[in-house]
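Residue numbers (the numbering used here), protein chains in the order written: chain A, 324 to 645; chain B, 29 to 362; chain C, 2 to 317.
Backbone N, C-alpha and C define an ideal beta-carbon position, used for all residues, glycine too.
This report concerns only the one structure given below.
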Amino acid sequence: MGTVRYILRRLIFSAFLIIGVSMILFAMINAIGNPIEILLAERPGITDEIIESITQYYGLGGSVTDRYFTWLGAIIRFDFGTSIIYNLPVSEMLLTYGLETLKIQIPAILIALLVSVLISVLAATRQYSRIDFGVIAGAMVGHSLPGFLLGILLILLFSYWLGILPSYGAYSTRNLLMDSMVIDGLWHMVLPVAMLAFFNTATLTLLLRASLVDVLRQDFITAARASGLPERRVVFGHALRNAFIPVLTYLGILFGLMLGTAPVTETVFTWPGLGALYIMAIQQLDYPLIMGATMIITFMLVTATLLTDIAYVIIDPRIRLA
Amino acid sequence: MAAAQPLLEVRDLKVHFFTREGVVRAVDGVDYSVNRAETLGIVGESGSGKTVSSLAMLRLVPPPARTVAGQILFDGEDLLTRTPKQMAALRGRRIAMIFQNPATSLNPIYSIGAQLTEILTWHEKASRRDAEPRVIELLGLVGISDPATRLRQYPHELSGGMRQRIGIARALLCNPSLVLADEPTTALDVTIQAQILELLAELQARFRMSMVLVTHDMGVVARMATRITVMYAGRVCETADAATIFNAPQHPYTRALLESMPRIDHSYAGPARRVLPSIPGRPPNLLNPPSGCRFHDRCPEAQVECRRLLPVETAVAPGHIVSCLRRGSPGIVA
Amino acid sequence: MDSDATPAATLQAENLGSRQRPPGVWRQSWYRFRRNRAGMLGLTLVSLVVLIAIFCPLLAPFDPNDQSAMLRGAARRAPDSIHLLGTDRNGYDVLSRMLYGARTALAVGLGAMAIASLIGVTIGGIAGYAGGMTDELLMRFAEFFMVIPVFIVILAVVRLFGIVVVGTWLENIPNLNLITIIVLLGCFEWPPIARMARAEFLRLKHAEFVEAAVCIGSRKRDILLRHILPNALPSLIVLVALGIGGAILAETMVSFLGFGDPKAVSWGQSLFFNYEALKVAPWAVLTPGTAIFLTVLGFNLLADGLTDAFNPRLRQ
């Protein structure tokens, strides 16, 4: 009952959020005037009539508010218009490129979760030991090493110097590795996933270890041990779940950060994902594409936040009353 | 009553905290024993090493503390030489503990039922379905109304007194022979305190278990304990049966402690009022404990030798042990 | 508690004879900070960046805009005795540009966080002190900014703003692009500060010394600025230190993607210009990269040390 209302409230807030972002962006893009004029200015042979007809074709005529509501009505039907530069339906492009982005980000966050749990348990159960100190130092360095720098280092080492992993793209341009789309695709995923997973692992470990150390000190952990439960169950069953509560918020933030900085990651690895698409779109002022990509990224982010909110309720019974 | 072997015998137990500033001797050579089906009250001011010594019984002293010396004979076998696995099998099954703060000693994210059945299924390899009725029955015994509903509730949904009853039920799940109760009523309201003490006494008689009741409250032990051990600064001052401690205390610290308790037959207000005596000074810093007898700098009877010599526990009467140079204990240079 | 005995005792010994005064919060925090090895390493790194930013004209062997190596055909040269860290594809001396980049980095970090602190403390302070509906509205507003994909929006705004200013007087402002980035970062990075300020103002509003000030009839402005704000500072400083590192990193990423200020000497710009030549001249990428890493690490460690110094937990 309380749970449903809580989730409903978060859903409504999320909807407001998406609409808010769309309005800001829409206003900004319109502040620069007609993008068609800017794009075609200084090109020979362009008359006002041509500009006018192209403007109409892309649905860019009429008043700003009219256009906004038309656009809003269309995106509810998953119709983001047509890309000016590529002349393709934006929704199709978003789907293709979006999947490529998720293809590296979801494995990265899952790997990071698994690895950081193992490392944090290892460190927190041996507080102040050499292992613990090493984990803290390593996590701090990993957390401070900007992801794209790590990416550059990985490319230098594994692609240029050792020559064992590809440095760009999602697939080989000529011969697929072992003639298989799957193996070749996985082969290309290794470096970008490694880079994203490393950064997330470091940050999560930093948070989770501290949280776990705090929880392991608490009375109910001593009580669980005093009840004769085996250490494995005390740590993984009782301590870890409690330790996750403060970390959960950061899981949403971390995913948001990864998604938000996708342009950087995908530039480093020349990865054909949403981030790379977005960069092309704003460089070339592909107005429908900018709007569509931003909306999809915002939507994914809001969904991630919503999922962490729901996970919160599942994991922590104390919230259910609120 | 036959002078049978005591259920628990603690000999020369030392638990030290190894901190950055130095070694804190929280428990520094403590002896006591608990007979079957009796309640031993351990009394002392906060910081006198009471809680740590109960955790030591379970071999659960938290780092940076370590049990550095001594023997803990449970049913004649030294717990300090058991393997971790053997020890884990004893905890919760033969020796159980009731914690001071019911607000923090239950896991906030699991339901009451989940926490209690987990222990039972683990120790007795029972299925959840078999365990649940037993948990419900025990919850009824500790005075929880509508136990089947409570099973689905979470700790934050219950009152403090209710949570402590759950804590007691958790300790009694596997019918242990020894229960360690660490200040079980300190965190509760005064009215609830009386109810919980009554419940503990009743359950102890019913299940014929032994209990170690650790507290700073003389009133609590007066009510509950068969025998009493008084601790000061990590050492035992005096051990005797309850009546002797209250009627004929020997150690100056025990006497001071009793004198500082308000009494119903004294008036502390009005023209003929008395002043409630208090023990001068402060509990010592155990990082750097006083030389000789730990109590000498606050003791009204202290003499020069008390500053130099550490008193050894000595029986002044059968079952009445005192460690005080002024009561005939021999002293050692330590 | 006990751990403070030594410095407190020393201080008391110093003050002996004059008025005996226990060390203040700041001094106590400094004693604790000094013993935190990670924090001190952070402080060292940050101090290094500051010193380089101040003294780079003395330290740098070349002018950061000197492209003469290009004319000599000495672009993309590996490190040698003249160019200690080599030259990049534009013929710049890599070391000199790295040293001068510290100025840009600090300008970005400090500028952005000054703006963010101003907005954050104002909004958070009002929310925490006023409470009620105002609080609810302002915090929702802050949450909005925390969930939107800030980096994506900043990229778009930087790009679009660059078009809007064409032909206006704004065009003539030097380093306009960099200023835009700083202002944008400030305008988007305030919510964490606002949340912390709100929590602190809420906590301190009911502190006894504040209620005492209210009782003796202090003016509201004095209560807020002289009683509450100074006590909220420690928690806020930690966030500001973290934010400076974050802002520097964000500017680097904006520049790396090609939306930075082409006229600024910044680490991100160096990465952008030289990334395509990574294979042939890795030093031109690794040098600014290392500078960014050490700067961000420095601010993170500093923040970490400050957290421990301001909130002493039980240390074993």
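Partners in chain A for residue i, counting only beta-carbon separations shorter than 8 Å
i, result
"Asn275 (chain C)", "Near Asn275 (chain C) there are no residues of chain A at all, since even the closest Cβ is about 10 Å away, more than 8 Å."
"Leu86 (chain B)", "Arg548 and Ala549"
"Tyr182 (chain B)", "Pro640 and Arg641"
"His151 (chain B)", "Gly551"
7 Å Cβ cut-off: residues of chain A touching residue i
i, result
"Leu250 (chain C)", "Pro469"
"Ala18 (chain B)", "Coverage of chain B is limited to positions 29 through 362, which leaves residue 18 (chain B) absent and any answer about it impossible."
"Phe145 (chain C)", "Leu340 and Gly343"
"Ile164 (chain C)", "Ile355 and Ile361"
Cβ-based neighbour list, residue i, same chain, cut-off 8 Å, excluding 5 preceding and 5 following
i, result
"Gly171 (chain B)", "Arg193, Gln223 and Leu227"
"Val266 (chain C)", "Pro65, Asn66, Arg98, Tyr101, Gly102, Arg104 and Thr105"
"Gly598 (chain A)", "Thr424, Thr584, Ala585, Pro586, Val587, Thr588, Glu589 and Thr590"
"Phe142 (chain C)", "Ile124"
Exposed unless 16 or more other CB atoms sit within 10 angstroms - verdict on residue i
i, result
"Ala242 (chain C)", "buried"
"Met2 (chain C)", "Any answer about Met2 (chain C) is weak, because its pLDDT of 36 lies below 50 and its placement is not dependable; what the coordinates show is given next. Exposed: under 16 other Cβ atoms inside 10 Å."
"Pro515 (chain A)", "buried"
"Gly269 (chain C)", "buried"
"Phe127 (chain B)", "buried"
"Ser19 (chain C)", "Because the pLDDT at Ser19 (chain C) is just 44, under 50, the model does not fix this residue reliably, and the value given afterwards should be weighed accordingly. The residue is exposed, with fewer than 16 neighbouring Cβ atoms inside 10 Å."
"Ile342 (chain A)", "exposed"
"Ile335 (chain A)", "exposed"
"Pro161 (chain B)", "exposed"
"Ala435 (chain A)", "buried"
"Glu554 (chain A)", "exposed"
"Arg121 (chain B)", "buried"
"Asn301 (chain C)", "buried"
"Lys153 (chain B)", "exposed"
"Ala54 (chain B)", "buried"
"Glu230 (chain B)", "exposed"
Same chain, Cβ closer than 7 Å to residue i, five either side skipped, listed in chain order
i, result
"Phe522 (chain A)", "Gly465, Gly470 and Leu473"
"Thr593 (chain A)", "Tyr491 and Gly492"
"Asn91 (chain C)", "Gln68, Met71, Ala76 and Phe274"
"Asp269 (chain B)", "Thr254, Arg255 and Gly347"
"Asn37 (chain C)", "Gly306, Asp309 and Ala310"
"Glu287 (chain B)", "Pro305"
"Val558 (chain A)", "Val444 and Thr448"
"Ile544 (chain A)", "Val538, Val557, His561 and Ala562"
"Ala517 (chain A)", "Leu477"
Cross-chain neighbours of residue i in chain B, by beta carbon under 9 Å
i, result
"Arg564 (chain A)", "Asn135, Ile137 and Tyr138"
Where residue i meets chain C, residues with beta-carbon distance less than 7 Å
i, result
"Ile602 (chain A)", "Leu258"
"Tyr483 (chain A)", "Lys280"
Residues near residue i in its chain [Cβ-Cβ closer than 6 Å; skip 5 each side]
i, result
"Phe349 (chain A)", "Tyr391"
"Ile293 (chain C)", "Thr253 and Trp268"
"Gly110 (chain C)", "Ile245, Ala248 and Ile249"
"Thr272 (chain B)", "His348"
"Ser357 (chain B)", "Pro339, Val340, Thr342 and Ser351"
Whole-number beta carbon distance between residue j and residue i, since they are thought to touch under 8 Å
i, j, result
"Ala157 (chain C)", "Thr617 (chain A)", "7 Å"
"Ala199 (chain B)", "Met125 (chain B)", "6 Å"
"Phe63 (chain C)", "Asp94 (chain C)", "4 Å"
"Ile408 (chain A)", "Gln607 (chain A)", "5 Å"
Chain C contact residues for residue i, given Cβ-Cβ distances below 8 Å
i, result
"His466 (chain A)", "Asn301"
"Leu488 (chain A)", "Here the premise fails: no neighbours, minimum Cβ distance about 14 Å."
Neighbouring residues, chain A, relative to residue i (Cβ below 9 Å)
i, result
"Met125 (chain B)", "Thr545, Ala546, Ala549 and Ser550"
"Asn129 (chain B)", "Asp542"
Residue i: CB within 6 Å of a non-hydrogen atom of the ligand SAH
i, result
"Pro611 (chain A)", "Of ligands this structure carries none, so the ligand SAH is not represented either."
Within chain C, partners of residue i - CB distance below 9 Å
i, result
"Met463 (chain A)", "Ala39, Leu298, Asn301, Leu302 and Asp305"
Chain D contact residues for residue i, given Cβ-Cβ distances below 7 Å
i, result
"Thr132 (chain B)", "Among the chains of the structure shown, chain D does not appear; the protein chains present are A, B and C."
message: What are the residues in the region 150-162 of chain C lying within 8 Å of chain A by C-beta distance?
response: Correct list: Pro150, Val151, Phe152, Ile153, Val154, Leu156, Ala157, Val158, Arg160 and Leu161.
- prompt: In the region 290-310 of chain C, which residues sit with their C-beta less than 8 Å from some C-beta in chain A, listed in chain order?
  reply: Of all residues in the region 290-310 of chain C, Gly290, Ile293, Phe294, Val297, Leu298, Asn301, Leu302 and Asp305 have a Cβ within less than 8 Å of some Cβ in chain A.
query: Between the region 584-597 of chain A and chain C, which residues of the former have CB atoms less than 7 Å from a CB of the latter, in chain order?
result: Those would be Thr584, Pro586, Val587 and Thr590, in chain order.
field: Members of the region 295-315 of chain B near chain A, C-beta cut-off 7 Å
entry: Legend: CB atoms of the region 295-315 of chain B lying less than 7 Å from CB atoms of chain A are not found in any residue.
- prompt: Taking a cut of 8 Å between CB atoms, which residues from the region 529-544 of chain A lie near chain B?
  reply: Flagged, chain order: Arg540, Gln541, Asp542 and Phe543.
message: Tell me which residues of the region 495-519 of chain A have at least one Cβ-Cβ distance to chain B shorter than 9 Å, keeping chain order.
response: Under the 9 Å Cβ criterion, the region 495-519 of chain A contributes no residue.
query: Relative to chain C, which residues along the region 347-360 of chain A have a C-beta separation below 8 Å, given in chain order?
result: Residues Ile347, Leu348, Met351, Ile352, Ala354 and Ile355.
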